[in-house]
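In the numbering used here, the protein residues as written are 2 to 362. Taking it in order: structure first as structure tokens, then the write-up.
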Amino acid sequence: MRVGILTGGGDCQGLNAAIRAVAKSLMLNHQAEIIGIEDGFAGLIERRVRPLSYADCSGILSQGGTILGTSNKASPFNYQGQDCAAAVVDYYHELALDAVVVIGGDGSMSIAYELSKLGMNIVGVPKTIDNDLMCTERTFGFDTAVSIVTDALDRLRTTGHSHKRVMILETMGRYAGWIALHAGVAGGADVILLPEFPYDIDEVVRACKLRASDQQYSIIVVAEGAKPRGGQLSVQQTVANSPDPVRLGGIGESLKQQLEQHLQAEIRATSLGHIQRGGTPTASDRIFATDVGRYAADLVAQRQFAHVVVQQNNRLSSVPLEQVANQTRTVSLADHTMMTARSLGVSFGRDDLGLVNQYIP
Ligand code: F6P
């Protein structure tokens, strides 16, 4: 067997653990030859691949980033204005690959689905700090990102407490609030603002005033995709040639300015940005990335193509790429962590979500 591996989209912690698991499983159990495809789908478009030896895949388990490189600007269906998909399929056949393992998020899975329809044998492995891939409870990178944001919240709490300030922390996550919700709960935030539930500024003010009357400081976590009810997304920049050109950012600062019109307290906003995506994966992400990588290798060996590995009800399985492509998994009111937060009086900047969302001293 000759199997290609690529990592696509934004990087995250655990990519190297997944590459290692796919490659070693296939080499050890199926004597496969592994071909590393460089910089995501760009490597297939620009014909940049290299053989990966067992040694290449050793000693990389704990490394952040990806030894293969990645790109979130390289769709074969629209690469610098050109449709290169047919050339990519030709190259795949020239390389005599039996399959390609695509380690990626929703953008990469959408591309993988389209390429699989053109005859490429593809198995998907879910990654992204955003945890927003359809059909899976978990993607690797998420646990590490949540740990980093939680650590930041612990630090903001001590300085916020000392100065009796309102401390705002902006997280990544695109159009899904998973990082903000989980880190907010882990870090004991008073207010969590999510893209899924546009906020009323009056409700955020009310929550901060309640906390000011008791603990005298407030911790607000705001997801980059959050926006005021009836307001606009905060867009930091648009990236030409990217399948999703919008890059979010800036809501933390804009929320600070909105709150300053209503509160006496000093307010500070922090944005963690790409720090959330860098560095070593947690033990849990290393294990999960290794598990899903091994499972993908098994799918390749069983020739179960056009599928992506998922975790459902705490067990690994797979679903057709079609079910994951072009979709985003978002936070719902029925999510159990969401229900926990609401029951504990966390404000989501709304008075119409039902259950308790008011802090009672
Ligand atoms: O999808 C991962 C992610 O980090 C998002 O949370 C964020 O909105 C985006 O990628 C940032 O993209 P870039 O690395 O291109 O700035």
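For each residue, glycine too, the CB sits at the ideal point set by N, CA and C.
query, result
"What do you reckon, is the C-beta of Arg343 under 7 Å from a heavy atom of ligand 1?", "no"
"For the alpha helix (DSSP H) that Ile46 lies in, which residues bound it at each end?", "42 to 46"
"Report the rounded CA-to-CA distance for Ala190 versus Ala266, giving the unit in angstroms.", "17 Å"
"Confirm, please, whether the CB-CB distance from Glu225 to Met168 is below 8 Å.", "no"
"Closest to Ile20 by C-alpha separation, out of Ile38, Ser272, Ser111, His31, would be which residue?", "Ile38"
"With a threshold of 16 other CB atoms inside 10 Å of the CB of Gln277, please say whether the residue is buried or exposed.", "buried"
"Going by DSSP, which residues form a beta bridge with Gln313?", "Arg316"
"So, with DSSP's three-state summary, where would you put Ser76?", "strand"
"With distance defined between alpha-carbon atoms, name the residue in Asp353, Gly185, Glu171, Val103 nearest to Leu322.", "Val103"
"Measure the Cβ-Cβ separation of Gly161 and Ile202 and say whether it is below 8 Å.", "no"
"Whose C-alpha, out of Val89, Gly11, Gly10, Phe78, is nearest the C-alpha of Arg48?", "Val89"
"In three-state terms, what does DSSP make of Gly5?", "strand"
"Given 7 Å as the limit, tell me if Leu249 has its C-beta closer than that to any heavy atom belonging to ligand 1.", "yes"
"Tell me, please, which residues DSSP counts as bridged to Thr1.", "Absent from the structure is residue 1, since the part of the chain shown begins at 2 and ends at 362."
"Give me the Cβ distance between Val101 and Gly5, rounded to the nearest whole Å; I'm assuming they're in contact under 8 Å.", "4 Å"
"Taking Val205 as the reference, which of Gly11, Val23, Ala33, Arg351 has the closest Cα?", "Arg351"
"Tell me the rounded alpha-carbon separation between Ile61 and Val320.", "28 Å"
"Between Leu195 and Ala181, which are expected to be in contact by the criterion C-beta below 8 Å, what is the C-beta distance as a whole number of angstroms?", "6 Å"
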